[in-house]
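Some notes on the structure that comes next.
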Amino acid sequence: MVEAVTVIMILGGFGCVVVSIVYFSIANGISPMPSTPKTVRAMIALLNEGEIGGQILELGSGWGHVAVALAMAFPSAKVVAIENSWIPFWVSWLLSGAGLRKNLSFQRADFYQFPLVEADVLVCYLFPGAMDRLQDKILRECKDGCIIVSNTFAMPGWTAMRQIRLGGLWNTHLYVYRVGENRTE
Ligand SMILES: C[S@@+](CC[C@H](N)C(=O)[O-])C[C@H]1O[C@@H](n2cnc3c(N)ncnc32)[C@H](O)[C@@H]1O
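The opening residue of the sequence shown carries number 5 in our numbering; numbering runs sequentially from there.
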């Protein structure tokens, strides 16, 4: 009897985890698919070419490994990782040392509602619709000079400052933009 209850509880818990991940993937239009280690290394190498300090915002931080790598690579920057899907959010918070890393914080929030005014760097791996939707917000809120590094998806209509082809199974590209260089008004 006790074993049956335990099995039911484990299966129920597992079911809730799956339902939560599927629900947010559908609502967001994207699953928490992680950037590959090669892509994360390339992002850090790109950012290392400039003077990186201030605030690095990761829009949609998934399981948290990109934010952790950024916080380790840039100890003088403050990394803020934003994720609205509960399970990846909790996993990333736990894996990153449960909030113990001083220059890294995870926030469970919708990044469309999150202020971008203090960001010096934006990092994301989203999808074309999200890049489109973010464009106006970025132009309204980000300061000139803010660097955007996007895994795979280009900002529609903008000219990238750098574009790197990493190849691989998904033919990954990294796009780098500087806010201000694509303003039309
Ligand atoms: C493809 S994953 C990338 C995860 C991580 N950035 C990486 O590179 O490994 C995109 C993430 O963005 C999150 N996301 C999508 N829309 C969001 C929103 N409006 N607010 C917060 N997170 C969002 C998804 O839940 C998902 O975890």
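No residue lacks a Cβ here, since even glycine has one placed at the ideal position from N, Cα and C.
query: Which stretch, first to last residue, makes up the alpha helix (DSSP H) that contains alanine 46?
result: First-last of the alpha helix (DSSP H) with alanine 46: 41-52.
What three-state label does DSSP hand tyrosine 181 in the structure shown? Residue state, collapsed to three classes: strand.
Item to check | Of the residues Glu7, Phe18 and Ser39, the one placed nearest glycine 172, counting alpha carbons only | outcome: Taking glycine 172 as reference, the option from Glu7, Phe18 and Ser39 with the minimal CA-CA separation is Ser39.
Check: If you draw a straight line from the alpha carbon of glycine 64 to that of arginine 169, how long is it in whole angstroms?
Finding: Here the alpha carbon of glycine 64 sits roughly 22 Å from the alpha carbon of arginine 169.
Open item on the list: Would you say the beta carbon of isoleucine 56 is closer than 7 Å to some non-hydrogen atom of ligand 1?
Closed with: No; taking the cut-off as 7 Å, the Cβ of isoleucine 56 has no heavy atom of ligand 1 nearer than that.
Measuring straight from C-alpha to C-alpha, what distance separates asparagine 175 and asparagine 155? Going by the C-alpha atoms only, they are around 11 Å apart.
Check your understanding: How many whole angstroms separate the CB atoms of tyrosine 34 and phenylalanine 131, which I take to be in contact at a CB cut-off of 8 Å?
Key -> According to the sequence displayed, residue 34 carries isoleucine and not tyrosine. Right, the Cβ-Cβ distance comes to about 5 Å (below 8 Å), so this counts as a contact.
Candidates Asp114, Asp136, Val9 and Val183, of which the one nearest aspartate 124 by Cα
Residue nearest to aspartate 124 within the set Asp114, Asp136, Val9 and Val183 is Val183 (criterion: CA-CA distance).
Original post:
Around the Cβ of phenylalanine 110, are there at least 16 other Cβ atoms within 10 angstroms (buried) or fewer (exposed)?
Top reply: Counting the other CB atoms within 10 Å of its CB gives phenylalanine 110 a total of 16 or more, which places it among the buried residues.
Can you grab the Cα-Cα spacing for the pair valine 23 / leucine 138, in whole Å? Straight-line Cα distance between these residues: approximately 27 Å.
Under DSSP, the alpha helix (DSSP H) around asparagine 155 begins and ends at which residues?
The continuous stretches of alpha helix (DSSP H) do not include asparagine 155, which lies in the beta strand (DSSP E) extending over residues 151-155.
By DSSP, does glycine 172 sit in helix, in strand, or in coil?
-> In this structure, glycine 172 counts as coil in the three-state DSSP scheme.
Exercise for the section: Quick one: give me the first and last residue of the alpha helix (DSSP H) that lysine 82 is part of. Expected result: Looking at the DSSP string, lysine 82 is not in any alpha helix (DSSP H); the run it does join, the beta strand (DSSP E), is 82-87.
- prompt: ligand 2 heavy atoms versus the CB of methionine 37: any closer than 7 Å?
  reply: In the structure on display, ligand 2 does not appear, and the ligands it does have are ligand 1.
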